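Chains as they are written, first to last, in this note's numbering: chain A, 22 to 186; chain B, 22 to 186.
There are 2 protein chains.
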Amino acid sequence: MNTDREDLLDDPRLTAVGLLAEAYTGLMNRLAAQFDEHRLSQVEFEVLMRLARSPGKRLRMTDLAGQTTLSTSGVTRVVDRMERSGLVCREACPSDRRSSYAVITEAGSQRIAEVLPGHLELLQKWYVGMLPTDQLTQLLDSLRTIRDAVNPCAAAGSAETAQPA
Amino acid sequence: MNTDREDLLDDPRLTAVGLLAEAYTGLMNRLAAQFDEHRLSQVEFEVLMRLARSPGKRLRMTDLAGQTTLSTSGVTRVVDRMERSGLVCREACPSDRRSSYAVITEAGSQRIAEVLPGHLELLQKWYVGMLPTDQLTQLLDSLRTIRDAVNPCAAAGSAETAQPA
DNA sequence: AGCAGGCACTTGACAGAGCAACTATTGCCG
DNA sequence: CGGCAATAGTTGCTCTGTCAAGTGCCTGCT
Chain A
22 MNTDREDLLD DPRLTAVGLL AEAYTGLMNR LAAQFDEHRL SQVEFEVLMR LARSPGKRLR
82 MTDLAGQTTL STSGVTRVVD RMERSGLVCR EACPSDRRSS YAVITEAGSQ RIAEVLPGHL
142 ELLQKWYVGM LPTDQLTQLL DSLRTIRDAV NPCAAAGSAE TAQPA
Chain B
22 MNTDREDLLD DPRLTAVGLL AEAYTGLMNR LAAQFDEHRL SQVEFEVLMR LARSPGKRLR
82 MTDLAGQTTL STSGVTRVVD RMERSGLVCR EACPSDRRSS YAVITEAGSQ RIAEVLPGHL
142 ELLQKWYVGM LPTDQLTQLL DSLRTIRDAV NPCAAAGSAE TAQPA
């Protein structure tokens with residue numbers, strides 16, 4: 022009598038989203054171990070990366086929030102912590118006294134330089150290296166399609182724009 | 022003089038992982054709105070799904086932890102909350118008095134039945150429906166490859182095994 | 001049998017993140 | 001110019017989840 026319900030539970034779309042979730046979270050778990058070694062959290066790593074790639078090695082708090090998965094108050098707190106550990110510092114925005122910049126410090130840049138080589142190796146080993154080149158290209162294409170639909174903001178501004186060289 | 026560092030920051034592998042992250046988190050954000058409407062969190066939804074799909078509509082706490090992103094203490098707390106709201110209940114394991122089962126209740130099953138149709142629509146709209154069939158197949162293939170490498174446990178036992186019907 | 005070690009689960013203390021409320025600026029509109 | 005809505009950031013409260021320690025139960029070894 023429950024066949025309707027049962028059928029829904031076996032929908033292939035659920036398998037599809039499960040696969041995406043497991044691949045993503047599984048990969049993140051692999052990466053986490055290395056972050057731990059370097060006393061960085063995933064969020065901190067992302068903050069450092071975003072800052073390092075931005076002009077002037079700085080970003081307004083709000084923009085940083087927009088580029089990460091954090092709310093603005095989340096950014097306030099991460100930057101608090103990272104400022105305490107010397108990886109970033111705040112700087113006043115000369116043109117708008119409400120705003121402030123988060124700026125990556127020399128220590129922050131060094132920390133990234135320490136972590137990145139191992140990080141890239143892990144990505145190679147558990148992600149991009151798992152697939153032949155053309156299949157990887159295809160995968161990234163598909164992901165980009167989904168990303169653009171689901172998160173249109175990310176398409177503008179970020180490294181993505183620099184991509185079609 | 023910093024060219025070494027700069028080069029690392031532009032590595033295409035970083036773009037690749039960024040794409041995966043943005044696609045995944047973006048999709049999850051789209052789904053979150055619907056969960057809210059039904060007073061369910063993402064984790065609660067996953068717990069209900071796992072239980073609903075398991076034989077006897079039940080799972081030992083530890084197994085539930087293994088199938089989700091939660092630690093065992095995390096599972097204890099989610100099940101606490103869900104038991105309070107009547108979606109699941111605990112049952113003693115007859116063969117091992119250390120273990121207990123989380124069992125989905127009728128209310129829990131109903132809740133899932135309410136949420137699933139809309140959930141599947143959203144998946145259609147923002148994920149599987151974005152890609153032509155063969156490209157989707159290819160995507161799932163690639164994701165499965167990565168998932169199997171990165172999270173070998175998930176390959177056994179779960180819905181994945183039931184897949185090749 | 002009896003105990004040593006391991007396992008399943010729970011609990012206490014704590015960290016990270018979000019929302020909503022608050023402060024300080026800014027800039028628009030009369 | 002004066003006031004008011006909107007914006008940038010921070011802070012208080014709360015929720016969720018982890019880790020480490022604790023409890024009770026099981027199992028293998030002697």
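The beta carbon of each residue, even a glycine, is placed where N, CA and C say it ideally should be. This structure is a prediction, so every number in the text was calculated from the model and none was measured.
Problem set entry | A:ARG165 at chain B interface by Cβ criterion, 7 angstroms | yes
Exercise. Does the separation of the CB atoms of B:VAL149 and B:LEU137 fall below 7 angstroms?
Worked result: no
Exercise. Short check: CB of B:LEU69 to CB of B:GLY139, under 7 angstroms?
Worked result: no
For this session: Identify each residue in the region 35 to 58 of chain B for which the Cβ-Cβ distance to at least one residue of chain A is less than 9 angstroms, and report them in chain order.
Result: LEU35, THR36, ALA37, VAL38, GLY39, LEU40, LEU41, ALA42, GLU43, ALA44, TYR45, THR46, GLY47, LEU48, MET49, ASN50, ARG51, LEU52
Exercise. I think A:SER120 touches A:ARG81, with their Cβ atoms under 8 angstroms apart; what is that distance to the nearest whole Å?
Worked result: 5 angstroms
Problem set entry | Residues near B:THR36 in its chain [Cβ-Cβ closer than 8 angstroms; skip 5 each side] | So no residue of the chain qualifies.
For this session: For chain A, find out if any of its Cβ atoms is closer than 7 angstroms to the Cβ of B:ARG118; answer yes or no.
Result: no
Problem set entry | Reduced DSSP category for A:LEU91 - H, G, I as helix; E, B as strand; rest coil | coil
Exercise. What does a CB cutoff of less than 7 angstroms around B:GLU104 pick up in its chain, not counting 5 residues either side in sequence?
Worked result: Excluding residues within five positions, the ones whose Cβ falls inside 7 angstroms are CYS110, ARG111.
Problem set entry | Three-state class that DSSP yields for A:LEU41 in the structure shown | A:LEU41: helix per DSSP, three-state reduction.
For this session: Anything in chain A within Cβ reach of B:ASP32, meaning under 9 angstroms, just list it in chain order.
Result: LEU137, LEU141, LEU144
Exercise. Which of the three DSSP states, helix, strand or coil, is assigned to A:SER121?
Worked result: strand
Exercise. Any Cβ of chain B within less than 7 angstroms of the Cβ of A:ALA186?
Worked result: Because the pLDDT of A:ALA186 is 25, which lies under 50, any placement of that residue in the model is unreliable, and the number read from its coordinates should be weighed accordingly. No, no contact with chain B.
For this session: Can you grab the Cα-Cα spacing for the pair B:ALA86 / A:LEU30, in whole Å?
Result: Whole-angstrom Cα-Cα distance: 20 angstroms.
Exercise. Is the distance from the Cβ of A:LEU91 to the Cβ of B:VAL171 below 7 angstroms?
Worked result: Contact check for A:LEU91 against B:VAL171 fails: the beta carbons are separated by 7 angstroms or more.
Problem set entry | Candidates B:ASP162, B:VAL124, B:ARG74, of which the one nearest B:GLY107 by Cα | B:VAL124
Problem set entry | Per-residue burial, B:GLY178 [other beta carbons within 10 Å of its own, 16 or more giving buried] | Caution is warranted here: a pLDDT of 47 is assigned to B:GLY178, below 50, making its placement in the model unreliable, and the coordinate value is therefore given only provisionally. Exposed.
Problem set entry | Unbroken stretches of the alpha helix (DSSP H), 4 residues or longer, contained in the region 67 to 112 of chain B | 82 to 88, 93 to 105
Problem set entry | Below-7 angstroms beta-carbon distance, A:LEU61 vs any chain B residue | no
For this session: Quick one: using the 10 Å Cβ neighbour count with 16 as the cut-off for buried, is A:GLN88 buried or exposed?
Result: Burial call: buried.
Exercise. Quick one: which chain B residues come within Cβ less than 7 angstroms of A:MET151?
Worked result: Within chain B, the residues near A:MET151 are THR166, ILE167, ALA170.
Exercise. Once you ignore the five residues that flank A:CYS114 on each side, which residues in its own chain have a CB closer than 7 angstroms to its CB?
Worked result: Non-local C-beta neighbours of A:CYS114 in its own chain, meaning closer than 7 angstroms and more than five positions away in sequence, comprise ARG81, SER120, SER121, TYR122, ordered along the chain.
Exercise. Interface residues of chain A around B:ARG98 at Cβ under 8 angstroms?
Worked result: Here the premise fails: no neighbours, minimum Cβ distance about 19 angstroms.
Problem set entry | Short CB-CB distance (under 7 angstroms) between B:THR90 and chain A | yes
Exercise. Under three-state DSSP, which class holds A:THR166?
Worked result: Note: A:THR166 maps to helix in three-state DSSP.
Exercise. When we look at the beta-carbon of A:ALA53 and count the other beta-carbons within 10 Å, is it buried (16 or more) or exposed?
Worked result: Under the 10 Å beta carbon count, A:ALA53 is surrounded by fewer than 16 other beta carbons and is classified as exposed.
For this session: Measuring only between beta-carbons, confirm whether B:ALA175 sits less than 7 angstroms from chain A.
Result: Yes, B:ALA175 counts as interfacial toward chain A.
Exercise. Beta-carbon of B:GLN159 versus every beta-carbon of chain A: anything under 7 angstroms?
Worked result: Yes, B:GLN159 counts as interfacial toward chain A.
For this session: Identify, in the order they occur along the chain, each residue of the same chain with its Cβ nearer than 8 angstroms to the Cβ of A:GLU135, setting aside the five sequence neighbours on each side.
Result: For A:GLU135, where only same-chain residues beyond five positions count, the Cβ hits under 8 angstroms are HIS59.
Problem set entry | Rounded separation between A:GLU65 and B:GLY39 - CA only | 15 angstroms
Exercise. Is any beta-carbon of chain B found at less than 7 angstroms from that of A:LEU29?
Worked result: yes
Problem set entry | Selection from B:ASP32, B:ASP28, B:LEU41 that minimises the alpha carbon distance to A:GLN159 | B:LEU41
Exercise. With respect to the alpha helix (DSSP H) encompassing B:SER130, which residues constitute its N-terminal and C-terminal limits?
Worked result: 127 to 147
For this session: Give a yes or no on whether 7 angstroms exceeds the smallest Cβ distance from B:ALA73 to chain A.
Result: yes
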